[in-house]
Amino acid sequence: MSREVLDRILQRSPHEPEFHQAVEEVYLNVEKVIEQNPQYKNLNIFERISEPERIITFRVPWMDDQGNINVNRGYRVQMNSAIGPYKGGLRFHPTVNLSVLKFLAFEQIFKNALTGLPMGGGKGGSDFDPKGKSDAEVMRFTQSFMQELAKHIGHRTDVPAGDIGVGGREIGYLFGMYKKINNEFVGVLTGKGLGWGGSLIRPEATGYGLIYFAIEMLATKGQKFEGKRCLVSGSGNVAQFAMEKIIANGGIPVTASDSSGFIYDKDGIDAEKLEFIKELKEVKRGRIKEYADKYPSAEYHAVEKGATSNPLWSIKAECAFPCATQNEVNVEDAQHMIDNGVMLLAEGANMPTTPEAITMLQKGGVMYAPGKASNAGGVATSGLEMVQNYNGLYWTREDVDEKLRNIMRNIHDTCLKTAAKYGFEGDYMAGANIAGFIKVADAMVAEGIL
Ligand code: NDP
């Protein structure tokens, strides 16, 4: 495939660096596959898959507790529906813009395909910052957001979920407003509470799935988690349940972070300390610094403005799990990890590792798993929530966990098999990109030029 296609895609969306990064990564892996399949080329599948089917942007006005009227911007990127309804989370964070949401929606296409479930790709959100807002303010904002979003989603059309800044509280308010507008109780969102259509294991699924995936990676080298020190970034949903599963498998998480800084606990974060983090983040909505105030074995490092690397990644450990946000691991961080003998990095966040850092890790002999494979457990379990909603029946915790475990094992094996088939032996990123692409491309071929 000529580079012209890629150039056209990038030129059509100038000033969207995150989107460019995500598209280029996939392009480099699938280029040869497209050359080998003339119909992908003749039907211009790559250019079509890179252009959202629809983008909705809208005004979200809301009143704060002082009576001021604020305005935020809402978005939904409906990226690809070739294999199922649009599916992907909503992110509420001040850094949200179209570039970030297009990159996330693009990644979501391939991730969802890898799960083996019938889900297309989408993503949405707002530049609203829930931090420091009262429950009443968050409710008024989410209700205003849903007043517009409700016109564009549906349980067979587009099924959003949570992401950064959108957890159980926000999903509850969003679901309530959708139900009121449509006068219909359907599974239009996933991540719902257990008593009102949610699935067991959905809150845990991304973090658990990440560690299930890492267990498979370690097994290829005859290794286990037992006794391994693990670097984890973030302290939200994904980080918390990744730590829980690391501990359950005998590993030792030693770090956690938020956007203000990170803690390093040299004695390790055990189950009791993890409960403190969960309570701190989910109930008190506090900052990770408070962990170091409580536990003397921990030290706190505030984020340094202008720093070229993140000292969290220079702590000695065997495994690394970035679970906060995009581009949080750069080449300097990668070099520190290689020097310290990190053997595995699996992404809990979406695109947390820069392209240069990925190349360095792979060349440095670190096993690397891209988020679209290793964090797919969240959306996979959302898919299971949709199936339960459609059928009106609910599975046990053990049932859902077993299905999640199998899905992660299958994704792992698919990545390795596909990578080997196309000459990228052992490269999880290439395997994930190619396997996800082929599944969606074949559906697009079958469905005609849309
Ligand atoms: P949460 O909002 O629960 O937690 C996010 C964590 O990352 C918080 O600790 C937050 O700190 C930190 N963080 C957010 N933005 C930044 C930033 N710019 N710099 C440094 N730290 C930051 O989100 P999730 O745990 O749900 O999501 C984390 C990552 O996992 C995201 O990349 C998301 O896309 C990805 N993901 C999530 C899935 C899910 O099911 N939830 C599924 C698949 C992927 P602070 O509190 O200071 O903002």
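Numbering (the working numbering), first residue to last: 58 to 507. A virtual CB, placed ideally from N, CA and C, is assigned to each residue, including glycine.
{"Query": "Going by DSSP, what residue range makes up the beta strand (DSSP E) through V216?", "Result": "D215 to A218"}
{"Query": "Less than 7 Å between the CB of C376 and some heavy atom of the ligand NDP, yes or no?", "Result": "no"}
{"Query": "Answer with buried or exposed for N240, where buried requires no fewer than 16 other C-beta atoms within 10 angstroms of its C-beta.", "Result": "exposed"}
{"Query": "What did DSSP end up calling S183 once you bin it into helix, strand or coil?", "Result": "strand"}
{"Query": "Identify, in the order they occur along the chain, each residue of the same chain with its Cβ nearer than 7 Å to the Cβ of G146, setting aside the five sequence neighbours on each side.", "Result": "K180, P217, A218, G219, D220 and V223"}
{"Query": "In its own chain, which residues sit with a C-beta less than 7 Å from the C-beta of I228, not counting the 5 before and 5 after it?", "Result": "G219, L246, G248 and K249"}
{"Query": "Out of Y132, T152 and T410, state which residue places its alpha-carbon closest to the alpha-carbon of H209.", "Result": "Y132"}
{"Query": "Which residue comes first and which comes last in the alpha helix (DSSP H) that contains G428?", "Result": "G428 to S431"}
{"Query": "Can you name the residues that DSSP bridges to S314?", "Result": "F319"}
{"Query": "Which residues share a DSSP beta bridge with A377?", "Result": "L288 and L402"}
{"Query": "Measuring straight from C-alpha to C-alpha, what distance separates G211 and S138?", "Result": "13 Å"}
{"Query": "Nearest to A262 by CA position, among N86, Q78 and V436, is which residue?", "Result": "V436"}
{"Query": "Is it the case that the stretch 440 to 454 contacts the stretch 413 to 424, given that we only count it when at least three CB pairs across the two stretches are under 8 Å?", "Result": "no"}
{"Query": "Just confirm the distance between the C-beta atoms of N432 and G266, as a whole number of angstroms; I'd bet it's less than 8 Å.", "Result": "7 Å"}
{"Query": "Under a Cβ-count criterion, where at least 16 other Cβ atoms within 10 Å of its own Cβ denotes burial, should P260 be classed as buried or exposed?", "Result": "buried"}
{"Query": "Does the distance between the C-beta of A573 and the nearest non-hydrogen atom of the ligand NDP fall short of 7 Å?", "Result": "Residue 573 lies beyond the range of the chain shown here (58 to 507); nothing can be said about it."}
{"Query": "For the stretch 207 to 258, which segments carrying the beta strand (DSSP E) assignment without a break, of at least 3 residues, lie completely within its bounds, in sequence order?", "Result": "215 to 218"}
{"Query": "Terminal residues of the continuous alpha helix (DSSP H) containing G114?", "Result": "Residue identity differs from the one stated: residue 114 is Thr in this sequence, not Gly. Segment R111 to M120 is the beta strand (DSSP E) holding T114; no alpha helix (DSSP H) there."}
{"Query": "Can you tell me the Cβ-Cβ gap for F103 and V157, rounded? I've got them flagged as a contact below 8 Å.", "Result": "Contact flag wrong, Cβ pair sits at about 21 Å."}
{"Query": "Assign L171 to one of two classes, buried (16 or more other C-beta atoms within 10 Å of its C-beta) or exposed (fewer than that).", "Result": "buried"}
{"Query": "In this structure, how does DSSP classify E356 when only helix, strand and coil are distinguished?", "Result": "strand"}
{"Query": "What residue ranges within the stretch 92 to 164 form continuous beta strand (DSSP E) runs of no fewer than 3 residues, ordered along the chain?", "Result": "111 to 120, 126 to 137 and 143 to 149"}
{"Query": "Quick check: what's the CA-CA separation for E404 versus G264?", "Result": "10 Å"}
{"Query": "Would I268 pass as a contact of L461 if the rule is Cβ separation under 8 Å?", "Result": "no"}
{"Query": "Can you tell me the Cα-Cα spacing of I163 and V80, whole angstroms?", "Result": "Correcting the residue identity first, residue 163 is Phe in this sequence and not Ile. Roughly 8 Å between the two C-alpha positions."}
{"Query": "For the ligand NDP, I want to know if C472 counts as a neighbour, meaning its beta carbon is within less than 7 Å of at least one of the ligand's heavy atoms.", "Result": "no"}
{"Query": "Which of the three DSSP states is assigned to I345 in this structure?", "Result": "coil"}
{"Query": "Could you check if N432 belongs to the surroundings of the ligand NDP, using beta carbon to heavy atom distance under 7 Å?", "Result": "yes"}
{"Query": "Return the residue from the list D192, P95, I140 and A487 that minimises the CA-CA distance to K341.", "Result": "D192"}
{"Query": "How many angstroms separate the CA atom of E49 from the CA atom of Y348?", "Result": "Past the boundaries of the shown model lies residue 49; the chain is included only from 58 to 507, so the question cannot be answered."}
{"Query": "Does V386 come out as helix, strand or coil in the three-state DSSP assignment?", "Result": "strand"}
{"Query": "CB-CB under 8 Å to T365, same chain, minus the five flanking residues each way: which ones, in chain order?", "Result": "N387 and E389"}
{"Query": "Cα-Cα, which of Y143, K144, R148 and P118 is closest to A406?", "Result": "R148"}
{"Query": "Applying the criterion that 16 or more other CB atoms from any shown protein chain within 10 Å of the CB defines a buried residue, is I126 buried or exposed?", "Result": "exposed"}
{"Query": "What's the C-alpha gap between V399 and K429?", "Result": "21 Å"}
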